[in-house]
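Asks: What follows is a single structure, and I will ask about it in a moment.
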Amino acid sequence: MASRNPSPASLSTPLLSDSISPTPTTNGHAGHHNHDDDDDESPTVCGGDGGGGGDPFAFLSEDRPAWWSPRGVSPADPFRNGTPGWCGAYELVRALVCAPVAAARLVLFGLSIAVGYAATWVALRGWVDVRERAAQEGARPMPAWRRRLMWITRISARCILFSFGYHWIRRKGKPAPRELAPIVVSNHVSYIEPIYFFYELFPTIVSSDSHDSIPFVGTIIRAMQVIYVDRFSPASRKSAVNEIKRKAACNSFPRVLLFPEGTTTNGRFLISFQHGAFIPGYPVQPVIVRYPHVHFDQSWGNISLGKLMFKMFTQFHNFMEVEYLPVVYPPEIKQENALHFAENTSYAMAHALNVIPTSYSYGDSMIMARAVEDGKVNCSNYMVEMAWVKETYGVSTSEAMALLEDFLCMSPDKDGRVNAQDFWAHFGLNCTPLCKKIFQYFDFEAKESITFRQFLIGCAHLRKQPSFQDACETAFERCRNPLTSHIGREQLADVLRSSMLELMTDNGMMKLFKTLDVDDDDGISKDDLMASLTKLPFMIALFAGRINGEVYIEIV
1 MASRNPSPAS LSTPLLSDSI SPTPTTNGHA GHHNHDDDDD ESPTVCGGDG GGGGDPFAFL
61 SEDRPAWWSP RGVSPADPFR NGTPGWCGAY ELVRALVCAP VAAARLVLFG LSIAVGYAAT
121 WVALRGWVDV RERAAQEGAR PMPAWRRRLM WITRISARCI LFSFGYHWIR RKGKPAPREL
181 APIVVSNHVS YIEPIYFFYE LFPTIVSSDS HDSIPFVGTI IRAMQVIYVD RFSPASRKSA
241 VNEIKRKAAC NSFPRVLLFP EGTTTNGRFL ISFQHGAFIP GYPVQPVIVR YPHVHFDQSW
301 GNISLGKLMF KMFTQFHNFM EVEYLPVVYP PEIKQENALH FAENTSYAMA HALNVIPTSY
361 SYGDSMIMAR AVEDGKVNCS NYMVEMAWVK ETYGVSTSEA MALLEDFLCM SPDKDGRVNA
421 QDFWAHFGLN CTPLCKKIFQ YFDFEAKESI TFRQFLIGCA HLRKQPSFQD ACETAFERCR
481 NPLTSHIGRE QLADVLRSSM LELMTDNGMM KLFKTLDVDD DDGISKDDLM ASLTKLPFMI
541 ALFAGRINGE VYIEIV
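Throughout the sequence shown, residue numbering follows the UniProt record's numbering, covering 1 to 556 in sequence.
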């Protein structure tokens, strides 16, 4: 259960962070396990120190963060659908009994779609396209006669809900007047909520550009005077916020509806809110949606749309509860920004739902979806609490996805963990003593394997060190060929030899060289090295000898 008196900061830290206590600090490294006293009988086996003591990143004056603890991983999975598989006598009997009902519901569904689409087409006939008008002068409110015609589509939406088994919907509270709360925010569990709110409120919504091209759906959302946004484009997000503010300020427009989580969850957690609904600074009415169930979890999580629709059609009845909460007002103190406004709203919704707000975000759903696409099992193990990672280390979702591609190529096991041998093989390196020390930096649990979360946050922490950029520039200056101002294969081989690395095969050297040669022009330029080390900052340890002006000799 959510705490009744949380501080705003508590909503932006990882779940269970209160139960994490920093491990004792030794030599400036919190929780840095040490294998220096272990016997190194087999230097070719990954996992032990194999090369004596020493921190491979000491030259960066690196300090471990306090979260670096074996208990730092949240057990929550806000995207997992809890419905059992297809098997089971109850599932089979219910599907057979409801088959005739499902057929009738499917007919009603099709008719409702057809009638609603026809009414919407007529309502939009002769009206200048929203996009074209927005580009020229800003979209004006839909004329009253067109809005009245859209009631046919709204009734059709209610029929669609009926066909999915929502024969009655329990509602608690009521919508606040539009003049009081022009913006409505809701948790997002299934594709059912947009249909319900279309019928109930007929609001303006914020939608992805890609939805405009979906048959039927694209036409209907245009009638809702949609605000288009590309969530990966800063310019598009800024434009969408301005449009939200413009439409919220004008009572001639309908309410603006947003799902601040940005994706669907299983309803048992709230994930981090996007701030688009809160930046304009208008009062917001939160709405919470619940789907009480015993056997069938109606959330649109890790389940296909077709399977979810089939199960809805073959249910006797699906339960849905909608509760309108009191209006949440923006902070009176101007110094408190949209983040605090979003956190206050998130807490109000979490308290009403009796769930826990987490630091997971839409980025985690993208990470998990990529793992699913790659055929991995236990894909929730790849999630990293992206909202917290972004806030703490400034890592974007696109940067995390780029690192995930490397991690997936390291042959993770069924639990999403990678051992040192596979980790370094991906870069063409053997598991030498230095490589073992670098790997131990990520392996804070001393399990001789790491998760994607450990890999991502370890890289982010290294990159955040104040001397990191200077170290990268020094590495290039001391390793480049003075004639070409590039680092060639010979210079890279010298670097590896000075870093206590074993003699590499030609294939291994070529693999590492290609990793560092970003533009693939057969030479590592300064931009190449800076880009590759920014993405893979642990590689800076390979250049430590040159940075410190030292030459190491490996003693076998």
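Glycine is no exception: its CB is placed at the ideal position from the N, C-alpha and C atoms.
Please read these numbers as outputs of a predicted model, since none were measured by experiment.
1) For F216, I'd like the list of residues in its chain whose CB is within less than 7 Å of its CB, leaving aside the five on either flank, ordered along the chain.
2) Under three-state DSSP, which class holds R480?
3) Alpha carbon to alpha carbon, how far is N34 from F57?
4) Would DSSP call K172 helix, strand or coil?
5) Look up S186 in the DSSP assignment and give the residues it is bridged to.
6) Would you call the region 164-176 and the region 267-279 in contact, with 3 or more CB pairs under 8 Å?
7) Confirm the yes/no value for this check: CB of P203, any heavy atom of the ligand ZN, distance under 7 Å.
8) Relative to the alpha-carbon of S525, which residue among K414, L483, I547 and A338 has its alpha-carbon at the smallest distance?
9) To the nearest angstrom, how far is it from the Cα of V322 to the Cα of I288?
10) Keeping to the same chain, check which residues put their C-beta closer than 7 Å to that of A123; ignore five residues upstream and five downstream.
11) Taking C-alpha atoms, which residue in I205, P182, S499 and D527 lies nearest to Q469?
12) Is it buried or exposed, T314, if we count other Cβ atoms within 10 angstroms and call 16 or more buried?
13) Closest to T204 by C-alpha separation, out of R237, C159, I169 and N251, would be which residue?
14) Can you have a look at F253 and say buried or exposed, based on whether 16 or more other CB atoms are within 10 angstroms of its CB?
15) What does a CB cutoff of less than 6 Å around S236 pick up in its chain, not counting 5 residues either side in sequence?
16) Looking only at C-alpha atoms, which of Y441, V206 and H211 sits nearest to K245?
17) Do R453 and V372 have their C-beta atoms closer together than 8 Å?
18) Give, in chain order, every unbroken run of the alpha helix (DSSP H) that is at least 4 residues long and sits entirely within the region 355-420.
19) Give me the residue from V395, I271 and A425 with the minimum Cα distance to T358.
20) With which residues is F269 paired in a DSSP beta bridge?
21) Would you mind stating whether V119 and T153 have Cβ atoms separated by less than 8 Å?
22) Name the one or two DSSP bridge partners that S207 has.
23) Name the one or two DSSP bridge partners that S449 has.
24) To the nearest angstrom, report how far apart K535 and L542 are at their CA atoms.
25) Find out if the Cβ-Cβ distance for the pair L60, S467 is shorter than 8 Å.
26) Going by C-alpha distance, which of C431, T264 and K414 is nearest Q421?
27) Helix, strand or coil: how does DSSP classify R546 here?
28) With C-beta atoms as the reference, is T265 less than 8 Å away from S299?
29) Express the C-alpha separation of L305 and L106 in angstroms, rounding to a whole number.
30) Under the three-state reduction of DSSP, which class applies to F538: helix, strand or coil?
31) Taking Cβ to Cβ, would you say A402 is nearer than 8 Å to G363?
32) Could you pull out every residue in the same chain whose Cβ sits closer than 7 Å to the Cβ of K174, ignoring the five residues on either side in sequence?
33) What residues in its chain sit with their C-beta under 8 Å from that of residue 562, if we drop five residues either side in the sequence?
34) If you compare alpha carbons, which of I356, D520 and Y393 is closest to A76?
35) What first and last residue would you give for the beta strand (DSSP E) that runs through V322?
36) Across which residues does DSSP place H486 in a beta bridge pair?
Replies: In brief:
1) Mapped onto the sequence shown, residue 216 falls at position 216. Result list for F216: I113 and Y117, in chain order.
2) In the sequence shown, counting from the first residue as 1, residue 480 sits at position 480. Three-state DSSP puts R480 in coil, outside helix and strand.
3) Locating residue 34 in the sequence shown gives position 34, where the first residue counts as 1. Locating residue 57 in the sequence shown gives position 57, where the first residue counts as 1. Unreliable placement is indicated for N34, whose pLDDT of 43 sits below 50; the coordinate value is still reported in the next sentence. Near 14 Å, if we compare the C-alpha coordinates of F57 and N34.
4) If you number the sequence shown from 1, residue 172 lands on position 172. Looking at K172 - three-state DSSP - the assignment turns out to be strand.
5) Taking the sequence shown and counting its residues from 1, the one referred to as residue 186 is at position 186. BP columns for S186 point to V287.
6) Two segments are said to touch when three or more pairs of C-beta atoms, one from each, lie closer than 8 Å; by this definition the region 164-176 does not touch the region 267-279.
7) Absence of the ligand ZN is noted for the structure shown, with no ligands found whatsoever.
8) Locating residue 525 in the sequence shown gives position 525, where the first residue counts as 1. Among K414, L483, I547 and A338, the Cα nearest to that of S525 belongs to L483.
9) As a working mapping, residue 322 is identified with position 322 in the sequence shown. As a working mapping, residue 288 is identified with position 288 in the sequence shown. Their Cα atoms are separated by approximately 6 Å.
10) Working through the sequence shown from its first residue, we reach residue 123 at position 123. R146, L149, M150 and A223.
11) Numbered from its first residue, the sequence shown carries residue 469 at position 469. The residue with the shortest Cα to Cα distance from Q469 is D527.
12) Indexing the sequence shown from 1 puts residue 314 at position 314. Classified as buried, T314 has 16 or more neighbouring CB atoms from the shown chains inside 10 Å of its CB.
13) Along the sequence shown, one-based indexing puts residue 204 at 204. Restricting attention to R237, C159, I169 and N251, the CA atom closest to the CA of T204 is found in N251.
14) Within the sequence shown, residue 253 is the residue found at index 253, counting from 1. F253 comes out buried.
15) Here residue 236 corresponds to residue number 236 of the sequence shown, with the count starting at 1. V229 and D230.
16) As a working note, residue 245 is residue 245 in the sequence shown. Ranking Y441, V206 and H211 by Cα distance to K245 puts V206 first.
17) Mapped onto the sequence shown, residue 453 falls at position 453. Mapped onto the sequence shown, residue 372 falls at position 372. In this structure, V372 does not lie closer than 8 Å to R453 by Cβ.
18) 362-373, 386-393 and 397-408
19) In the sequence shown, counting from the first residue as 1, residue 358 sits at position 358. The option with the nearest alpha carbon to T358 is I271.
20) Position 269 of the sequence shown holds residue 269. I356.
21) For the purposes of this step, residue 119 is taken as residue 119 along the sequence shown, with counting starting at 1. For the purposes of this step, residue 153 is taken as residue 153 along the sequence shown, with counting starting at 1. The residue asked about is misnamed: residue 119 is Ala in this sequence, not Val. Yes.
22) Stepping through the sequence shown from its first residue, residue 207 is reached at position 207. Answer by DSSP bridge pairing, in chain order: Y228.
23) Walking along the sequence shown from the start, residue 449 turns up at place 449. Beta-bridge pairing links S449 to N419.
24) As a position in the sequence shown, residue 535 is number 535, starting the count at 1. As a position in the sequence shown, residue 542 is number 542, starting the count at 1. So the alpha carbons of these two residues sit roughly 15 Å apart.
25) As a working mapping, residue 60 is identified with position 60 in the sequence shown. As a working mapping, residue 467 is identified with position 467 in the sequence shown. The answer is yes: Cβ separation under 8 Å.
26) Counting from one through the sequence shown, the residue named residue 421 turns up at place 421. That would be C431, whose Cα lies nearest to the Cα of Q421.
27) Position 546 of the sequence shown, counting from 1, holds the residue named residue 546. Helix.
28) Here residue 265 corresponds to residue number 265 of the sequence shown, with the count starting at 1. Here residue 299 corresponds to residue number 299 of the sequence shown, with the count starting at 1. The answer is yes: Cβ separation under 8 Å.
29) Reading the sequence shown from its first residue, position 106 is the one you call residue 106. Reading the sequence shown from its first residue, position 305 is the one you call residue 305. Take the alpha-carbon of L106 and the one of L305: they are about 15 Å apart.
30) Against the sequence shown, residue 538 aligns to sequence position 538. Note: F538 maps to helix in three-state DSSP.
31) Against the sequence shown, residue 402 aligns to sequence position 402. Against the sequence shown, residue 363 aligns to sequence position 363. Cβ distance not < 8 Å, so A402 and G363 don't count as in contact.
32) Position 174 of the sequence shown, counted from the start, is the residue given in the question as residue 174. For K174, where only same-chain residues beyond five positions count, the Cβ hits under 7 Å are Y324.
33) No answer is possible for residue 562: the residues shown for the chain start at 1 and end at 556.
34) The sequence position of residue 76 within the sequence shown is 76, counting from 1. Scanning I356, D520 and Y393 for the CA closest to the CA of A76 turns up I356.
35) Position 322 of the sequence shown, counted from the start, is the residue given in the question as residue 322. Segment E321 to Y324, the beta strand (DSSP E) holding V322.
36) Here residue 486 is taken as the residue at index 486 of the sequence shown, counted from 1. DSSP lists N481 as partners of H486.
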